[in-house]
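Q: Shown below is the structure under consideration.
In UniProt numbering, the protein residues as written are 1 to 354.
Now the structure itself:
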């Protein structure tokens, strides 16, 4: 099983254009990322996810901003998604367009899965990670996808967007005020137990007709998407995905059987896949708990007791003993360490003691 996940380069080339418009030294950003310029600006090219994460880190360092995902989303258009764009634009209804996006999202950002459905008078779009990512990359792409869906659906229905709700697993970001521009959206951060996001609109939006509906063009676009998706077979290592799902969960992390069910495999099969990659569920669970504990303590918004409860410990003393055994420090002593240095990501800081 390959561990390389490749992602269309076009979105990140557009990010460079957005940064250039903001007078950022984009030549330095590209150089710091280690991505050859001809690969980044190849319209039909793809990049390894690891390279993209390096680019995002370089962009954050150059801008000192946390909201670049929202800036990129505002710059992308309905025509930004290759063959999927033609299917979206020629769909008969808003609901059909979102269902098409869900079916062929592997052609857009393949490190996420998208599910679409209508139930109990609500039209829902659910995003879940399909590949292991750093915390910063996961949050960036989650915000990017949600904001893109908002702006592009709004364009599809000519701006007549009803108020609706969006639920995130990630905590409230420093740039939360930027969401005021997405005025129909009611935001709920830190409300999903499992990593991802969910967008929920009134169900009647699903039947809203679209102005450019074209059955012939739609059939051609869907045939093209089906051909292309057959070639997207590379799968991220399961160990990386399991580690991220455990690390990014809110509250007690998902269990062994729960993660196996998410992959539509048995627990024994999950164990077999993990062994092939030199990992075990127990080791990944321990590492994810350590990383989450370090990040929560460093953020300082929760007390030590609240961090213990967030991680699923019933007794703060048990948490303190486990933390000290693994790090050589008590949680309070960990908090007294110097803050993360310039250029060091929270994931890098976690690695100091894992």
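Ideal Cβ positions, reconstructed from N, Cα and C, are used throughout, including at glycine.
Are the CB atoms of residue 135 and residue 295 nearer to each other than 9 angstroms?
A: yes
Q: Taking only three categories from DSSP, how would you classify residue 301?
A: coil
Q: Out of curiosity, what's the CA-to-CA distance linking residue 238 and residue 105?
A: 19 angstroms
Q: Whole angstroms is fine: what's the gap from residue 94's alpha carbon to residue 207's?
A: 6 angstroms
Q: Taking 8 angstroms as the cut-off, does the stretch 78-85 touch the stretch 98-115 (at least 3 CB pairs, one atom from each stretch)?
A: Taking 8 angstroms as the limit for Cβ pairs, the verdict is that the stretch 78-85 does touch the stretch 98-115.
Q: Enumerate in chain order the residues of its own chain whose CB-to-CB distance from residue 285 is below 6 angstroms, with the five nearest sequence positions on each side excluded.
A: Same-chain partners within the cutoff: 246.
Q: Can the beta-carbon of residue 142 be found less than 9 angstroms from the beta-carbon of residue 125?
A: no
Q: Would you tell me roughly how many angstroms separate the C-alpha atoms of residue 146 and residue 186, rounded to the nearest one?
A: 12 angstroms
Q: Skipping 5 residues on each side, what residues in its chain have a beta carbon closer than 6 angstroms to that of residue 22?
A: Shown here for residue 22: not one same chain residue has a beta carbon closer than 6 angstroms to its own, the five before and five after excluded.
Q: Taking only beta-carbon atoms, is residue 33 less than 9 angstroms away from chain D?
A: The chain inventory of the structure shown lacks chain D, comprising one protein chain alone.
Q: Give me the Cβ distance between residue 40 and residue 73, rounded to the nearest whole Å; I'm assuming they're in contact under 8 angstroms.
A: 19 angstroms between Cβ atoms; not a contact.
Q: Just the Cα atoms here: how many angstroms apart are residue 59 and residue 258?
A: Taking the straight line from one Cα to the other gives about 36 angstroms.
Q: At which residues does the alpha helix (DSSP H) containing residue 331 begin and terminate?
A: 331-335
Q: Use the C-beta contact count for residue 233: other C-beta atoms within 10 angstroms, 16 or more gives buried, fewer gives exposed.
A: Any reading at residue 233 needs caution, since the residue's pLDDT is 48, under 50, leaving its predicted position unreliable; the model's value is listed next. Residue 233 is exposed by the Cβ-count criterion.
Q: What separation, rounded to the nearest whole angstrom, lies between the Cα atoms of residue 178 and residue 171?
A: 15 angstroms
Q: What distance in whole Å lies between the Cβ atoms of residue 249 and residue 194, which are believed to be in contact at a cut-off of 8 angstroms?
A: 6 angstroms
Q: Is the distance from the Cβ of residue 311 to the Cβ of residue 292 below 9 angstroms?
A: yes
Q: Considering only residues of the stretch 153-228, which uninterrupted beta strand (DSSP E) runs meet the minimum length of 3 residues and lie entirely inside it, listed in chain order?
A: 164-168, 185-188 and 197-202
Q: Just to check my reading of the structure: residue 169 and residue 196 have Cβ atoms closer than 8 angstroms, yes? What is that Cβ distance to the nearest angstrom?
A: Here residue 169 really is in contact with residue 196; their C-beta atoms are around 6 angstroms apart, less than 8 angstroms.
Q: Within this structure, are the beta carbons of residue 321 and residue 297 separated by less than 9 angstroms?
A: Their beta carbons are not under 9 angstroms apart, which means residue 321 does not touch residue 297 by this criterion.
Q: What did DSSP end up calling residue 132 once you bin it into helix, strand or coil?
A: coil
Q: Distance check for residue 319 and residue 99, CA to CA, integer angstroms please.
A: 44 angstroms
Q: Answer yes or no: do residue 156 and residue 70 have a C-beta to C-beta separation smaller than 9 angstroms?
A: no
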